[in-house]
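Same order as they appear, the protein sequences are chains E and A. Residue numbers for the first sequence follow the working numbering, so the first one is 1 and each next one is one higher. Residue numbers for the second sequence follow the working numbering, so the first one is 136 and each next one is one higher. Heads up, the beta-carbon is just placed ideally off N, CA and C, and yes, glycines get one too. First the structure, in the form of structure tokens, and then the observations on it.
There are 2 protein chains.
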Amino acid sequence: MVHMGHIKIMEITIDIDDPVPLFAQLIEQIKKAVLSDKIGPGDALPSIRQLANDLELNSKTVAKAYRLLERDSVIQTKGYRGTFIHPDAKSNSTVDLNEWVMTKLNEMITTFRESGVTDSEIRIAFGNAMNNRGN
Amino acid sequence: MVHMGHIKIMEITIDIDDPVPLFAQLIEQIKKAVLSDKIGPGDALPSIRQLANDLELNSKTVAKAYRLLERDSVIQTKGYRGTFIHPDAKSNSTVDLNEWVMTKLNEMITTFRESGVTDSEIRIAFGNAMNNRGN
DNA sequence: ATATGAACCATGTGTGGTGATGGTACAATG
DNA sequence: CATTGTACCATCACCACACATGGTTCATAT
């Protein structure tokens, strides 16, 4: 059986001119669909190649979105069987990992600035820190 | 009196090919001179323009080094009267503000990574945080 | 065979930051 | 008038990264 036609049609619109990265637009809209109950736990998502083809995107771009959605437990990939909406998709769609990161970084940056550390110095130090997986 | 010749001669060598930024080389060497007692509290430093001329550097580059040294209380600028070594220069030369920044950032970055946050996401969030002075 | 996600190879474009340079101008002071 | 530090204006090359693209290959399983 090739699709059988009962894969949820994704009402997804990708705007090339939108400053928001394509993979991010994808994530946004899938989470939105989950939050508004247009898709729910167990529902199958189009395959990466399929969706890439439909939206005229590169498969790597879609794969990136799927990878992040899976990390956040919004979707679940079951190897060759395809990708499905995660049981806890709804609650996990509200949790914004990036927001937490932003908050923590803002606090730290504020502290640095108040201590007289230059923005330039903060950036340099950050760059170094990111390149020192060893400590 | 034009200099009177008793301004400490700075034994400073700037290496253009050194990957270390010129202004940073300057800071290093001045702190080093302080730590090895080659110059001490009260001693006058060459004026920004003077040093820039001697080392064949742009005055902005020297100004940047002086600005950072003053922030760290290694030197003290007295407006039109010139720049002098700070009373607590020696102890302040060992305190490395950047090291503290690096340590804090490393801790936070490690936490983020352990939480599954992508390096790319961390960088993006950091960039946003730096551009949100207001919150 | 066909299709899945995934892991590699690679390229190009655009953006944004640093470092360094140059010039001009200022108030304060000698 | 000369000199101090400082604050603006500006330009340039360099580098690192994000984003997106393309192609190939892989084990897995229908």
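Any chain A beta carbon closer than 7 Å to residue i
i: Phe-23 (chain E); result: no
i: Leu-26 (chain E); result: no
i: Asn-58 (chain E); result: no
i: Ala-63 (chain E); result: no
i: Arg-71 (chain E); result: yes
i: Val-117 (chain E); result: yes
i: Ile-109 (chain E); result: yes
i: Ala-125 (chain E); result: yes
i: His-6 (chain E); result: Per-residue confidence for His-6 (chain E) stands at a pLDDT of 35, beneath the threshold of 50, marking its modelled position as unreliable; the derived number appears in the next sentence. No, its Cβ sits nowhere closer than 7 Å to a Cβ of chain A.
Run of the alpha helix (DSSP H) containing residue i, from where it starts to where it stops
i: Ile-109 (chain E); result: 97-114
i: Thr-118 (chain E); result: From DSSP, Thr-118 (chain E) is part of no alpha helix (DSSP H); its letter is neither H nor E.
i: Ile-162 (chain A); result: 157-170
Local conformation of residue i per DSSP, three classes
i: Leu-45 (chain E); result: strand
i: Pro-94 (chain E); result: Going by the sequence as given, residue 94 (chain E) is Thr instead of Pro. Three-state result, Thr-94 (chain E): helix.
i: Thr-61 (chain E); result: helix
i: Ile-143 (chain E); result: There is simply no residue 143 (chain E) to check, as chain E begins at 1 and stops at 135 in what is shown.
CB contact flag (residue i, residue j, <7 Å)
i: Phe-23 (chain E); j: Lys-78 (chain E); result: no
i: Val-209 (chain A); j: Ala-224 (chain A); result: yes
i: Ala-129 (chain E); j: Leu-240 (chain A); result: yes
i: Asn-227 (chain A); j: Ala-125 (chain E); result: no
i: Gly-217 (chain A); j: Ala-179 (chain A); result: yes
Span of the beta strand (DSSP E), counted from its first residue to its last, around residue i
i: Ile-39 (chain E); result: Looking at the DSSP string, Ile-39 (chain E) is not in any beta strand (DSSP E), and its letter there is neither H nor E.
Closer than 7 Å to chain E by CB, residue i
i: Glu-249 (chain A); result: no
i: Ala-264 (chain A); result: yes
i: Glu-256 (chain A); result: yes
Which of the residues in the stretch 228-240 of chain A, read from start to end, lie with their CB under 7 Å from any CB of chain E?
Leu-232, Asn-233, Val-236, Met-237, Lys-239, Leu-240
Pull out every residue of the stretch 42-57 of chain E whose Cβ sits closer than 7 Å to any Cβ of chain A, in chain order.
none
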